[in-house]
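**Student:**
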Amino acid sequence: MTPLNMEFVREIDAKLIQEDIALFYRPECVVIEWLKVNGYQEDFLSQYYRELIIEAKNLYLKKHPKGDFSYPPMFRGAAAIGDMV
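Numbering (the working numbering), first residue to last: 1 to 85.
In structure tokens, the structure reads:
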């Protein structure tokens, strides 16, 4: 199977930019697209899939050295309720 390379990342990244996909999510989209192109079907919890995600993130760090790849918070606001018994 062909390894994930920067040329493929650039090609797919251009499409993802046009679709307005956030930077933090693009490495995973690249891996999913790479698996489709190569006809590889694997469970997303497998070790191979995780290694591909790490490889894609490393390539993205080279491509966007100052990019923010952290996931946004799940919640925009919070409320605390204190009860006294």
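Glycine included, every Cβ here is placed at the ideal spot set by N, Cα and C.
Would DSSP call Gln47 helix, strand or coil?
**Tutor:** Residue state, collapsed to three classes: helix.
**Student:** Below 8 Å on the Cβ atoms is my guess for Val31 versus Ile53; work out the distance and round it to an integer in Å.
**Tutor:** Contact flag correct, Cβ pair sits at about 6 Å.
**Student:** Using 10 angstroms around the beta-carbon of Leu4, count the other beta-carbons present and answer buried if the total reaches 16, otherwise exposed.
**Tutor:** That one is buried.
**Student:** Once the 5 residues before and after Pro27 are set aside, which same chain residues still bring their CB inside 7 Å of it?
**Tutor:** Taken in chain order, the residues that qualify are Ile53, Ala56, Lys57 and Tyr60.
**Student:** What number of angstroms, rounded off, separates the C-alpha of Cys29 from the C-alpha of Leu35?
**Tutor:** So the two alpha carbons sit approximately 10 Å from each other.
**Student:** Report buried or exposed for Ile12, applying the criterion of at least 16 other Cβ atoms within 10 angstroms of its Cβ.
**Tutor:** Ile12 is buried by the Cβ-count criterion.
**Student:** For His64, which option in Asp43, Lys15, Phe24 and Pro72 has the closest C-alpha, if you only look at C-alpha atoms?
**Tutor:** If we check each option's Cα against that of His64, Phe24 comes out closest.
**Student:** Cα separation between Arg10 and Ile81?
**Tutor:** Rounded to the nearest angstrom, the two C-alpha atoms are 48 Å apart.
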